Structure formats: structure tokens, C-alpha cells
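Here's the structure, in C-alpha cells; my notes come after.
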Amino acid sequence: MSRHVWRVLALAVAALTALTWSACGGGDAATGIGAGAPAKGKKGGTLNALFANDLEHIDPGEAFYQPDYMMVFAVHRPLYSFEPTNLEVASPDLAAAPPKLSDGGRTVTVKLKPGVRYGPPVNRTATSADVKYAIERAFTAAVPNGYAPTYFGIVEGAPEPGRKKPTDIKGIETPDEETIVFRLSESSGAFIKALSLPITAPVPEDYAKRYDAETPSQYATHQAATGPYMIEAGKDGRITYEIGKRMTLVRNPNWSAATDFRPAYLDRIELTMGNEDTTVAARQILKGKGLINGDFPPDPPVIKEAVQRRKSQITFAPLGNRYISLNTKVKPLDDVNVRKAIVAASDRNALRLTRGGPIVGDLATHFLAPGQPGFEEAGGMKGPNLDFIQNPDGSMALAAEYMKKAGYASGRYTGSETLTMVGDDSGVGARTAEVFQSQLQKLGFEVDFRQVPHDTMFSKFCNVPEARVAVCPNVGWLPDFADGQAWFDPTFSGESIVPENNSNWPQLDFPAINEAIDDAKKITGQARRDKAWGKIDRMVMAQAPAVPWIWDKQANIASSDVQGAIARWNAQWDLSFTSIK
Amino acid sequence: MTTPGVDARSEAAENRFATETIQSGAVTARTPPQLFWGRLRRDKVALCALGFLVVLALIAIFAPLIVHLAGVPGPNEPDKSTLDSFGLPTGPSGEHPFGVDGIGRDVFARTVYGARVSLEVAILATALSVGIGVIAGMFAGFYRGWVDTAISRGIDVLLAFPILLLAIGIASACSFGRGGSSGCLGGSVKPGLALVILVIAFVNWTYMARIVRGQVLSLREKEFVEAARSLGASKTRIIFREILPNLVAPIIVYTTLIVPQNILFEAALSFLGVGVQPPQASWGKMIADAQGSFDTAWWFMVFPGVALLLTVLAFNLIGDGLSDALDPRSDR
């Protein structure tokens, strides 16, 4: 499901940089931009966003990672999308109003805005049938979508993913051009939130069909925009996108400001890829004109420089969490007291310094991050009332007590098992892992530490239960949208454990937690939902399946003439709200 | 080093040495070791290098004591109080003479402990590769025929191997994997210093074998071998008692030239993450860790880098010195 944190982490590692994030409630006291509602900007100008790597996906049906979203949400209009400062409630975008629920939450009706038109070469009004087709094509092998089955699998008649051709989904009805009705097999709070994912951005079937007939689909390079911007087209009609080099966004002539909440100040946005030396790129941004960072966060030395001397050019966007998973299926970590001892011994302050210190995040005391629905219910900043997560510098005395409870009379581990640990082989992740290794050794554990590239760590080790990795120090979560289900269902539900691509890294399979998650999924009322997920957070923490150690704030930087706006739901710059001073 | 001037001077010195011996009245023939030592001790550069290596060996052996005496924390003890509020390391200071690294470990302690790794590799890997190389080379040269063909073609194959890729392949294949298995061959082969030593030995014996083979090919035709053979000496005796002593000089010279290669190879493997495993300190690994922050924290690359440079240089200089001393006529 939420793979984008992996991507973010991978990028960070690839670039040998620190990915950074932090505390609650819109922006940081130390910084000016990005906090509160975005100020009104001046129309016109060109912005240049520097990227270290290429965009992973530009097709709205495939886009999944943070940098993808940065571009896709300026070019496409899903049914709902988030305004920069709002993390919890999506605003109607292509839709005209919030969804109407009936039949006990099992029927969801959405009315579309009239007069939202595609840019060239399609030049017609977007209809409800286009939204239906957009979802149907995301179940094909030509358009591999990471989350379609997770959130849209409960639509009646939804096929298994990987179809050869788009198949008609009976549970999506289009009684007229401006109405779309979803019939679900059960009520689901997450489904309504998932309508804000780019899978619901319209795709014109008549035009896109021939491109979707190829595998992979060629629609990405022939896409039709509904948003304020479109990828500049060449003479042959194909977009002028040089893979790995640059992409230019220009105004979509058919976009009408009257139908959109996006101000779209800029005339032109250049995305420049291949800035592999991110330190150089970050310094260019700070000293240059009209530049912002795209996919990479600045390194700690640049953060320090910016915070000390260029405060107005750096901002910190809170996002997800990071934790060290402890495999509950591997000896001796199958003993809850051993896990509690490890959590108690963890020096979270030292761990946080490996990423850049207090400025890049708050010390985590549980999983749900600040600002997320259910955060206060889960214990807020102080955390749940559990002694083993109280001391931010770790407490060896308390750890020794828990080790004694686990049957190790000396208060240190004296068993014969060696803990296998797989972590990043470079960058900040490697530092975090080495610090944690030294903390485990203080408790008497022998640690067999294998260093591998970040994506290998997931694909070959931490995501594979059969690999029996005891400790995964470089994992974290960034939900698809702000909702407890997106936080806990993939990560701590026993039912989510799968042989490959597993994201329940501690392999926590605790019946009471599984049951609570199943019940909470069906709740549609926001307040009750928050309470339920907050309680689940407490239940998970009581089992000590991981050491949550930071709620990240991602650092973003801009040139001094850029009036930036951070999309809080994506923790990156929002191109449609950013302007040139 | 061997400019004509130096050669003339050393010849003069040798004459003086001879004259002194005559004047003292006791005319004794000098044994080859005496000749060798007499030449070597006049080579100031080689003697300095030798002195440096002796000091280095002492540092490696007494690493814990030195770190204790210097009053710095151990090599694997991160100290968060040495980092600033941005998590950036502090430079050289009274408490940490070489500064600290990215997670607050003392660079001095790590550099000192790193010497252990380099010397272990220098000694063990070289001994292994020389041992294999000499034996294989002698057999190939002495027996010729199919033995020679097999060994020589084997060497050709090994020389064609992309060595770094081989090492990386072994390391990733023999780490722990599915089902909780650990290492290859029942856990005996897994990433770490032992694997580094084995890989280096496996690769580097070929050079020695080629050289030895060439020498043996000419030695086996010499009269003293003929004589031994006609006296009915066994082949083993001829190989080890007649031929081997005549190979000592080239073996020593090439050994000293292999050593620095091996040290650099360990550094490269550790740099690539295949060598020593964290938290163990090795110069190559320290340099790898430091590469991201060289512009802001120069100290944790410079100190291990300088240590590596000096060590490799010292071994190379000694190699030169030995080859001059063992064979002063050699034209280099």
C-alpha cells in the first residue's frame, strides 16, 4: 500500500542526504513560509524545480510517490483533492460537492462540476464516464496501480488487478454525464478518503484507448490535462518530456479558474532532473533565483546553513513516522518483555541526531504522527502511559528490569541467539542503524548487521517474512491519506502479513488488535473513527513491536524570490499555489 | 632511488667495508644475509619505512592501551554529546584529537583500531597468496607437461575474473538470507574480514605463481639440479631443498609488493561495503562513511586516508629497498 515512504527513503539514501520532517500544526516557529494559509501571490513567472532523479510515474493512474504527486496534482484533477494547508478533509475538485452516502454507507454518489475541460488535443468536457474509465484502467497490467485493489477492491464487480484489458466494473454507475455512483460491498471510511487519490482523475476513454492498448500504457506521454497546467506538447502532439532530463509545464488553455480552488500563479514550471549532487543543487537553490527542491531534501549541513542564515527560505513539513521494527516471530524478540527492554534502552535523542536533530522532527512516543486524525486520542506528544517509552535518552535501569522479567537474571541478554539486522548501506539510514546497533550491544545482544541498498533492504529482507530478519532499523510509514486505516491496517494487522511485499514488518499478529482494526475500518463517522484508531495505536504500542523514534518534518527549500506553499498532505511544494515574488 | 650517483656511492662504501675487514686482520667471507643487511642499512628511506611499520605494528597490537592512554572513548562508542544540535560532528579538539565521525565516534580510536584490520590483511592474505602462489608456481615449472598446462590455464582464467564483482557476489550470496540461514558452507563464509582475506588470497596468488614458475623453468636446467638428480635425490627434495632456496630473493621482493596491493584491496572492498562489517573500524570503511560530508567534516576522511597512504607508501618503499638489497645489479 503506502509505498511512497519507501521511495522517499530510497531517494534520500541514493542522494546520501537526510530526509527530514517534524512537529505538529502547520509549519515551524523557526520558519516563515509554508505555515498557515498560503499568501496571495503575483501572477506570472517561471519556476524551476530541481530533482535528483526522474519522476517514477507521470500517468495519473500510476502516480504514487511524493514527487509524482507534486507534478500530477498540478496537471490533473481527481474528484477530490487537498488544499495545501488541509491535511484531513479533501475539497471537491472535479466533484461539485462532498460525496453523498446512502444505503448504510454502501452507496456513494458524487456529482461532477460542469464545464471542466481537457486541454489539447482532447478539448472536450470531462464526464463521469471518464472517471469510471480511469478507475477501470487502473486494474490492468498496462497501468500498474499500487493501491487500486486496496481501496477500490470493495466496489462491487471490481476485478483482480493485472487484467489484460479494462473491464467494466458494474459497481460504478454513470446515470448521466455529471453523476457517478459507487456501489460498495461494505461501508468503508477509507474509500471516501481514497477518492482524493489521482486514480479518480478523469481519463478520456475514446482518446486514451489506443495508448492503453499497449503494455505499459503510452498514455503517460500523451496525457490530457484537466488541471491548470499541462506538459508542453511538441509539434507531433507528443509531450516534450525528456526522460531523466526535463519536463516543462505550461498553462492549460482550457482550464477555467472559476471551476478550481487552485490559484495557479505561475506561467511556466520547469522540472529539471539529474541533479545527483544534492548538496550542490541545494546550495544553488538557496543562492539562486526562481528555484525550489523537487524530490530531495537538503543535507544536514545545508539545513544548518539555511536555518542559521536564510530562515525565510527553508520550511519543515510534518509527514510520517519512522520506527525500528522488532520481529515478534523471531527469538528472543517473541518475548514481549525483551521487546519492552529494547524500547526502554533506546536513546531516541541519539537516533534523531543521525537525521539532523530536533529541527527535523519530534521524538515519537507512538505511531500516529502529530496533526493526524486520532493523534490526541493516541496520547498526543506525551504518548501513551507506558513507562518504557517515557525516557527520550533511554533508561538502562528500566531495560534491565524488563530483561529480568523476561528471565535474564543479570538484566542483560545472555541467551545464545544473534540478532540479525538489515539496514541501509549509506547515508543517514546507515548512521541510524549503527547507532541502534550500539544500543542493542549495550543490552548484551550480539548483532549480525547486514548493510544493503535501501530498496534491497525492503525487497529481499524486511518485506519478506521468510527472511526472518530480527531488526529492521530503517522503516517508517507515510500514509496514502490522513486516516488511521492507512496508518495501521498495512503495518500492524496480522491479516496484512503476506509472503512478499509485506509491510507488517514486526509481523505483529495479536488477535485483539486484528479485531479492533477490522471493526474500525467499517466506521464512517470521523470522531468515532479517530477514537477507534487512537485506541488501536495504544494497543499496538503496548505490545512494543517497534521503537518509534521520530515524527519527521521534511525540509524544503526555495530561492529568496519564491513565495512557496507547502502541500501539507504531500510535505512538498504545491506547484499550483507557489508564486514568484 | 637508484640513480647512478647513489650506485657509485654504495659501491665505494662497499669497498670501504671490504677494506676495513681486511685491515682488522680477520678475513671472513660474508654470508648472503650479512651482505643483504649491509646494503639495506645504508638505504635510509627503506629504514625509515621499516621504522614506520614497526611503530604501526606496535600501535595495532597495543590499540586498546593506546586508546586508553589517549583518554578517548573506544572505537565503537557513539557519544551524542559530541554532535551539535543538527547532528553534525565536531572537529579535532583536546578531547577528541582527530574529531568525531557522523554518529559521534572518536576518529582517533577508530583510526588506531583500523590499523589492526590493515595489518591483519597485510599479513594473512599475503601469506596465503604467497604460499599458494609459490607452491603452484614451483609445481608448474618443475613438472611442466599437463600439470603446468592445468595450473597456467587456471591462472589465465583467474586473471580474467572481475575480482571486485566476484567479491561483491560472494558477499551478497553468502550473507544471511531466507529461512534465517547465515552465510555459505554452513556459515563459514560470510561478509567480513575472513572473506576479504580469502578473496584476496584467491586472486593474488596468480602473480606470485607466474613469477615462480618462470624462475623454476630456468633453475631446473641448472647444473646443481642435474647433480642432485644424478645423486638420486627425490623430486620433493629437489623442489624444496635445491630450488626453493634460490627463489627466496624474488619471493621476498614480490611479497613486499603484494602487501600494499592487498591493503588497498581491503580498503576498496570495505569502501564498497563488502569488507569488514559495522561497527568494526577499517580505514576503507571510514573513508566510505565520510564521503558524503567531506566538504563540512574533512577530519573523518583525512585521518584514515593519511594512515592508509603512509602505510601503503611504507610497504612500497620497503619493497624497493629489499629488491635493491637482495639484488643490487637489478636494473630498475
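Chains as they are written, first to last, in my numbering: chain F, 578 to 1158; chain Y, -12 to 319. Ideal Cβ placement from N, Cα and C applies to all residues, glycine included. Here the structure is a predicted model, which means the values were calculated and not measured.
Residue i at chain F interface by Cβ criterion, 7 Å
i: residue 68 (chain Y); result: no
i: residue 75 (chain Y); result: yes
i: residue 260 (chain Y); result: yes
i: residue 90 (chain Y); result: yes
i: residue 65 (chain Y); result: yes
i: residue 79 (chain Y); result: no
i: residue 72 (chain Y); result: yes
i: residue 283 (chain Y); result: yes
i: residue 20 (chain Y); result: no
i: residue -11 (chain Y); result: Reliability of the predicted coordinates at residue -11 (chain Y) is poor, the pLDDT of 41 falling under 50, and no value is obtained from them.
i: residue 266 (chain Y); result: yes
7 Å Cβ cutoff met for residue i and residue j
i: residue 762 (chain F); j: residue 737 (chain F); result: no
i: residue 777 (chain F); j: residue 708 (chain F); result: yes
i: residue 1136 (chain F); j: residue 866 (chain F); result: yes
i: residue 968 (chain F); j: residue 1125 (chain F); result: no
i: residue 950 (chain F); j: residue 1059 (chain F); result: yes
i: residue 945 (chain F); j: residue 1012 (chain F); result: no
i: residue 141 (chain Y); j: residue 203 (chain Y); result: no
i: residue 287 (chain Y); j: residue 54 (chain Y); result: no
i: residue 637 (chain F); j: residue 721 (chain F); result: no
i: residue 839 (chain F); j: residue 805 (chain F); result: yes
i: residue 932 (chain F); j: residue 1005 (chain F); result: yes
i: residue 1143 (chain F); j: residue 810 (chain F); result: no
i: residue 1050 (chain F); j: residue 1000 (chain F); result: yes
CB contact check: residue i to chain Y, cutoff 7 Å
i: residue 608 (chain F); result: A caution first: residue 608 (chain F) carries a pLDDT of 37, below 50, which makes its placement in the model unreliable, though a value can still be read off. Chain Y contact via Cβ: absent.
i: residue 1026 (chain F); result: yes
i: residue 1015 (chain F); result: yes
i: residue 812 (chain F); result: no
i: residue 881 (chain F); result: yes
i: residue 930 (chain F); result: yes
i: residue 1158 (chain F); result: no
i: residue 933 (chain F); result: yes
i: residue 927 (chain F); result: yes
i: residue 1002 (chain F); result: yes
i: residue 639 (chain F); result: no
Classification of residue i by the beta-carbon crowding that lies within 10 angstroms, buried from 16 upward
i: residue 232 (chain Y); result: exposed
i: residue 652 (chain F); result: buried
i: residue 213 (chain Y); result: exposed
i: residue 624 (chain F); result: buried
i: residue 148 (chain Y); result: exposed
i: residue 249 (chain Y); result: buried
i: residue 88 (chain Y); result: buried
i: residue 1068 (chain F); result: buried
i: residue 701 (chain F); result: exposed
i: residue 1076 (chain F); result: exposed
i: residue 954 (chain F); result: buried
Pairwise C-alpha distance: residue j and residue i
i: residue 1022 (chain F); j: residue 987 (chain F); result: 13 Å
i: residue 189 (chain Y); j: residue 243 (chain Y); result: 18 Å
i: residue 592 (chain F); j: residue 277 (chain Y); result: For residue 592 (chain F), the predicted model reports a pLDDT of 32, less than 50, meaning its position is unreliable; a value from the coordinates is still stated below. C-alpha separation (whole angstroms): 14 Å.
i: residue 889 (chain F); j: residue 863 (chain F); result: 10 Å
i: residue 994 (chain F); j: residue 1047 (chain F); result: 10 Å
i: residue 759 (chain F); j: residue 873 (chain F); result: 38 Å
i: residue 990 (chain F); j: residue 826 (chain F); result: 58 Å
i: residue 103 (chain Y); j: residue 663 (chain F); result: 57 Å
i: residue 113 (chain Y); j: residue 246 (chain Y); result: 6 Å
i: residue 815 (chain F); j: residue 800 (chain F); result: 9 Å
i: residue 152 (chain Y); j: residue 1031 (chain F); result: 20 Å
i: residue 1169 (chain F); j: residue 126 (chain Y); result: Lying before the first or after the last residue shown, residue 1169 (chain F) is absent from chain F, which here runs from 578 to 1158.
i: residue 938 (chain F); j: residue 947 (chain F); result: 10 Å
i: residue 602 (chain F); j: residue 1151 (chain F); result: The predicted model places residue 602 (chain F) with a pLDDT of 31, which falls under 50 and marks its position as unreliable, so this point remains unresolved.
i: residue 86 (chain Y); j: residue 77 (chain Y); result: 6 Å
i: residue 1061 (chain F); j: residue 1084 (chain F); result: 19 Å
**OP:** Taking only runs that begin and end inside the region 991 to 1027 of chain F, name each unbroken beta strand (DSSP E) of 3 or more residues, in chain order.
**Re:** 995 to 1001
**OP:** Only counting runs of 3 or more residues, tell me where the beta strand (DSSP E) segments fall wholly within the region 1028 to 1081 of chain F, in order along the chain.
**Re:** 1048 to 1054
Original post:
Taking only runs of the alpha helix (DSSP H) that begin and end inside the region 188 to 246 of chain Y, which ones reach a length of at least 4 residues, in chain order?
Top reply: 210 to 217
**OP:** Can you check the region 869 to 928 of chain F for any beta strand (DSSP E) of at least 3 residues that lies completely inside it and give the ranges in chain order?
**Re:** 891 to 903
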